[in-house]
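Residue numbers for the sequence shown follow our numbering, so the first one is 94 and each next one is one higher.
Below you'll find the structure, written out as structure tokens, and then a few comments.
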Amino acid sequence: MVLNTLSGRFLGLMVLFVLIAEVLFFVPSMTRFRLDYLQNRVEMAQLAALALLATPPDSEIAPDLKDEILATADVLNVVLRRDDVRELMFESPLPDMVQETFDLRAPSRLALARDALRVFAADRDRIIRVIGRSNQGAQSEIEVTLHEWPLRQAMIDHGRRILLVSLVVSLALAAMLFLAVQRLMVRPIGRVVEHMTAYRDDPMDASRIIAPESGARELREAETALHELEVQLTSALRQKERLAGLGAAVAKISHDLRNMLTTAQLLTDRIEASNDPAVRWTAPKLVGSLARAISLCERTLTFGKAEELPPEPVDLPLAALVAEVLDNERAAAAGCVSLVSEVPAGLRVRADADQLFRVLSNLVRNAAQAIETVGKPGAVKVTATEIDGRSEIRVRDTGPGMPEKARENLFQPFRGSVRQGGSGLGLVIAADLVRGHGGSLILEETGPRGSTFRISLPAPGAQRRAG
Ligand SMILES: Nc1ncnc2c1ncn2[C@@H]1O[C@H](COP(=O)(O)OP(=O)(O)OP(=O)(O)O)[C@@H](O)[C@H]1O
Ligand SMILES: [Mg+2]
């Protein structure tokens, strides 16, 4: 259907508007035409009357000449009214009675329009009388009697001409508008749609991204917005693809790593049996670390992707968990770093123990590594408090502060790492895990005197009150 298209609709609207304009224009035009026609008759009659008045009273005008004058003026009778005296100037026999009288001296617009339309409605000739002002002075008038049918014919001819002209004009206008709409809107929109379809078929192909080039501001804005959207989408898809590849690799690595760790776990049994007390002290920590590593591998494999399972939060004593984290990290950290816990003994938090362990390990390890880069002794301190229904855990260090690149790309995967051998995932993973608990991880402060990260979690009490 033509009306389903933009240009078809414009065409339809154009025809409708032209029709409305035609009606609005037609009635006043016909009114004017009738008024001019009648006034013209009155003026002709007046000229004839003036000529007659100018002839000497005793000279007789030939009847032929009178008939000719009446025929030229296209009227039947002419009466001159002066100071309420009616004087019949020209006359010819009336074929019928005068059926209606129209006064042109002070006509209302509405009455003129109505009378003009009534002429069209007439089905036979009528004899009408028209009274017009004479320019012989305020007191004199001209009255003419005439056939209405020729007026009707003239009006029909005039109407036809108007309709024909406006039809041609409106057709030309409609054609121009159609072409303009086609050129200015339909084609550019079609181009955008074409681009979108091509892009949809292969969004990874960056050459299919639309290049804004429309001259019209609105379309150009739409194209620019679409361009930005496509650029973002393509890069997101690429990253997704890379991450999918990484996920597959992680799954494979997890699989083999789990096997290796399981073997290592079996070997720790022997270490536990050692006579050396230092070795026996290490053994349970080693077993714990290996168990956590195996569980992480298994969870990754179960999920099939490098994504986290939802946490299983429980109320747990924080001090013990932090002590365990610090014990573990102490084994990895250099001697110049001291790891201190200032977590109040009775403080409990609501969290998935394994996940919180990983969060704290990441933060403490980052802090220790930062201190190591300076090469001077330093400390990492873990503190905790419960405030306004939230458990707040802080990991503070006396390191050199976050490098600019790390600050700018904070919590963005693969981007923030400044450390050699660092993957730039530690903080992202930590932040994700905390978010999974309904909490938040922020960099509270950083500077030459050290950095502080703050974990904020819903406190166990708050959880129960909310539940
Ligand atoms: N406490 C800190 N003090 C100074 N810099 C830090 C601190 N914590 C993190 N950073 C900086 O932020 C960067 C990103 O840390 P993140 O843990 O995300 O990655 P990474 O430690 O480089 O690698 P990995 O993924 O193995 O942990 C680090 O490379 C380091 O430069
Ligand atoms: Mg790290």
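Note that CB positions come from ideal geometry on N, CA and C, so glycine has one too.
Backbone CA spacing between residue i and residue j [nearest angstrom]
i      : j      : result
ILE154 : LEU145 : 8 Å
PRO149 : ILE235 : 21 Å
GLU241 : SER185 : 16 Å
SER259 : ARG125 : 17 Å
MET190 : ARG217 : 14 Å
GLU334 : ALA291 : 20 Å
ARG280 : LEU117 : 34 Å
MET107 : GLU115 : 12 Å
ARG471 : ALA384 : Before going further, note that residue 471 is Gly rather than Arg in the sequence given. One C-alpha to the other measures close to 31 Å.
CYS429 : ALA461 : 9 Å
VAL343 : SER388 : 14 Å
ILE548 : PRO506 : 19 Å
HIS320 : GLU311 : 14 Å
SER484 : GLY554 : 10 Å
ARG542 : ALA424 : 25 Å
LEU264 : ALA206 : 28 Å
ARG441 : PRO551 : 11 Å
GLN332 : LEU339 : 10 Å
ALA399 : ILE346 : Its pLDDT being 47, under 50, ALA399 is placed unreliably in this model, and the coordinates cannot settle the point.
GLY482 : SER533 : 14 Å
SER544 : SER382 : 27 Å
THR356 : SER367 : 18 Å
TYR130 : ALA273 : 42 Å
ALA267 : GLU287 : 27 Å
THR158 : ARG202 : For the record, residue 158 in the displayed sequence is Leu; it is not Thr. For LEU158 and ARG202, the distance between alpha carbons rounds to 37 Å.
GLU497 : VAL415 : 29 Å
ARG301 : THR476 : 53 Å
PRO403 : ARG451 : 14 Å
LEU163 : LEU143 : 14 Å
Coarse secondary structure for residue i, derived from DSSP in three states
i      : result
VAL473 : strand
ASN502 : coil
ASP420 : helix
ALA267 : helix
PHE183 : strand
HIS240 : strand
GLN192 : strand
ILE302 : coil
ILE387 : helix
ILE364 : helix
SER533 : strand
PRO370 : helix
THR98  : coil
THR148 : coil
VAL380 : helix
ARG127 : helix
GLY519 : helix
LEU257 : helix
ILE154 : coil
SER201 : coil
LEU169 : coil
GLY560 : Residue confidence is low: GLY560 scores 43 on pLDDT, short of 50, so the model does not pin down where it sits. Its coordinate-derived value is still stated next. It is coil, neither helix nor strand.
Per-residue burial, residue i [other beta carbons within 10 Å of its own, 16 or more giving buried]
i      : result
ASN459 : buried
GLU161 : exposed
LEU322 : exposed
GLY540 : exposed
PHE213 : exposed
THR70  : With the chain covering only 94 through 560, there is no way to say anything about residue 70.
ALA299 : exposed
GLU417 : buried
GLU405 : exposed
ASN97  : exposed
GLN139 : buried
ASP490 : buried
ILE464 : buried
ASP151 : exposed
ILE113 : exposed
ASP445 : buried
GLU180 : exposed
SER454 : buried
Residues bridged to residue i [DSSP beta-bridge criterion]
i      : result
THR545 : ARG489, GLU538
ASP408 : ARG443
SER431 : ALA472
GLY225 : ILE235
ILE480 : ARG483
ARG174 : ARG179, GLU234
ILE220 : VAL191, HIS240
PRO551 : ARG483
Test: residue i CB closer than 8 Å to a CB of chain D
i      : result
VAL488 : Absent from the structure is chain D; it holds one protein chain and no more.
Whose CB is closer than 5 Å to a heavy atom of ligand 2? List the residues in chain order. For ligand 2, residues qualifying as neighbours are ASN459, GLY519, where qualification means a beta carbon closer than 5 Å to at least one of its heavy atoms (chain order).
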